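In order, the protein sequences belong to chains A and B.
Using my numbering, read the first sequence as starting at 126 and increasing by one per residue.
Using my numbering, read the second sequence as starting at 126 and increasing by one per residue.
Idealized CB from N, CA, C, for every residue including glycine.
In this text, all values refer to a predicted model and were calculated from it rather than measured experimentally.
Number of protein chains: 2
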Amino acid sequence: MTNDNEEKIFEDYLETQGLKHSRQRKGVLDVFLSIDKHLSVDELYRIAKKKNPSLGYATVYRTIKLLCECGLCRELRFEDGTSRYEHLYGHRHHDHLICTKCGRFVEVVDPEIERLQERMAKLHGFYPERHRMELYGICKRCKK
Amino acid sequence: MTNDNEEKIFEDYLETQGLKHSRQRKGVLDVFLSIDKHLSVDELYRIAKKKNPSLGYATVYRTIKLLCECGLCRELRFEDGTSRYEHLYGHRHHDHLICTKCGRFVEVVDPEIERLQERMAKLHGFYPERHRMELYGICKRCKK
DNA sequence: TGTTATAATGATAATGAAAATCAAAATCAC
DNA sequence: GTGATTTTGATTTTCATTATCATTATAACA
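Written out as structure tokens, the structure is:
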């Protein structure tokens, strides 16, 4: 399997928390790992349900929450109010460039910006933990 | 009045949109302008209702939306899902430093970061419009 | 200053996302 | 296998925001 590491992380997390394995949790994890897009809970639910028709909506919510807790997943709350989820494991930290016309987005990192962000936090007496940065604009395609 | 400019902006906006003035809109605007905090709709409603007890919840929602449209107000969606509103007029663009313990936050700007953000957007073929940046960490007080 | 067309209001219902509830089913240590 | 405990899925609840709609207010104009 290509996702051995991720599966291990999830299993370990379940164990340390005294939680149990289940077909549903495994199914949601598999779908999540197999799709490298920023899915919403609803999209995840629809796809996972194909392989396991009895799957419930609530279970997807519960599982995605566990994935976030164990560090495999990051929740992104966009300005339009929707939440989407992206892979965290094996993906370095990054920020987003988002097209305001078509919604397309790109993952970006600028080490210099990262450095300056750290500096700024410390300058204000903050011990930095994490950050989010989204740049909104119009992409090449939409500008034409 | 100290808020002449802001009131003018709002009135002009209403006119260009073919909308009407009203006591309620004026009341919500006044409260919004008089409090330099990041209020939620609910907080705004409670305060404005004191001066105009017949004020309805929906009107506050509608008015705050107009304030955002005319550039007096900016909506901030925080990670906890709540929306809060901050003054935009006469306040330069800024980002936020947010304490993950106590929720306190500070407005910050780093011109160098701003410049690098522009550069990064352009580097990816984006015509930058705006951005949001939030740095999360633990503030001095909470760290002790 | 009326008249009148149009927009705004406020009470309430509708919506939609996320969380809570709970009986039945699944898991796993023994 | 047994039994304590957790998970599940269907459903309800919650809560923020929007939509609806009859009534009221606004403002251009006679």
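Sequence ranges, alpha helix (DSSP H) only - wholly within the segment 144-208 of chain B, length at least 4
148-159, 166-176, 182-194
For Tyr138(B), name the three-state secondary structure that DSSP assigns.
Your numbering for residue 138(B) matches position 13 in the second sequence. Tyr138(B): helix per DSSP, three-state reduction.
Asp235(A): contacting residues in chain B (beta-carbon distance under 7 Å):
The count along the first sequence starts at 1 and reaches residue 235(A) at position 110. Going along chain B in sequence order, the residues near Asp235(A) (Cβ under 7 Å) are Leu241, Met245.
Selection from Asn177(A), Arg199(A), Val153(A), Leu197(A) that minimises the alpha carbon distance to Arg187(A):
Mapped onto the first sequence, residue 187(A) falls at position 62. Looking at the Cα atoms, Val153(A) is the closest of the given residues.
Nearest chain B C-beta to Val231(A) closer than 8 Å, yes or no?
For the purposes of this step, residue 231(A) is taken as residue 106 along the first sequence, with counting starting at 1. Answer yes: the Cβ-Cβ gap between Val231(A) and chain B drops below 8 Å somewhere.
Neighbourhood of Asp161(A) by C-beta, 7 Å cutoff - its chain only, sequence neighbours within 5 removed:
Against the first sequence, residue 161(A) aligns to sequence position 36. Closer than 7 Å at the Cβ level, and outside the excluded window around Asp161(A), lie His212.
From the DSSP output, in three-state form, read off Asp235(B) for me.
Counted from its first residue, the second sequence places residue 235(B) at position 110. Coil, per DSSP.
Which chain B residues are close to Glu194(A), counting only those with a beta carbon under 9 Å from its beta carbon?
Position 69 of the first sequence, counting from 1, holds the residue named residue 194(A). Within 9 Å Cβ-Cβ: nothing; Glu194(A) doesn't reach chain B, min ~15 Å.
Expressed to the nearest angstrom, what Euclidean distance is found between the alpha-carbon atoms of His146(B) and Asp235(B)?
Walking along the second sequence from the start, residue 146(B) turns up at place 21. Walking along the second sequence from the start, residue 235(B) turns up at place 110. Rounded to the nearest angstrom, the two C-alpha atoms are 39 Å apart.
Beta carbon proximity, Ile263(A) to chain B, threshold 8 Å
Numbered from 1 along the first sequence, position 138 holds the residue referred to as residue 263(A). Chain B contact via Cβ: present.
Cβ shell of Lys226(A) (< 6 Å), same chain only, five flanking positions each side left out
The residue given as residue 226(A) occupies position 101 in the first sequence. Ile263, Cys267, listed in sequence order.
Assuming Arg266(A) is part of the alpha helix (DSSP H), what are its boundary residues?
Translated into the one-based positions of the first sequence, residue 266(A) becomes position 141. Unbroken alpha helix (DSSP H) run through Arg266(A): 265-268.
Identify the contact partners of Arg202(B) in chain A, using a Cβ-Cβ distance below 8 Å as the criterion.
To locate residue 202(B), count along the second sequence from 1; it is residue 77. Result: Arg202, Glu204, Gly206.
Neighbourhood of Pro253(B) by C-beta, 8 Å cutoff - its chain only, sequence neighbours within 5 removed:
The residue you call residue 253(B) lines up with position 128 of the second sequence. If we look at Pro253(B) and ignore the five residues flanking it on each side, its Cβ neighbours are Gln242, Glu243, Ala246, Lys247.
Are the C-beta atoms of His249(B) and some chain A residue less than 8 Å apart?
In the second sequence, the residue the question calls residue 249(B) occupies position 124. Output row for His249(B): interface = yes.
Between the beta-carbon of Glu259(B) and the beta-carbon of Arg257(A), is there less than 8 Å?
Locating residue 259(B) in the second sequence gives position 134, counting from the first residue. Locating residue 257(A) in the first sequence gives position 132, counting from the first residue. Yes; because the gap between Cβ atoms is below 8 Å, this pair is in contact.
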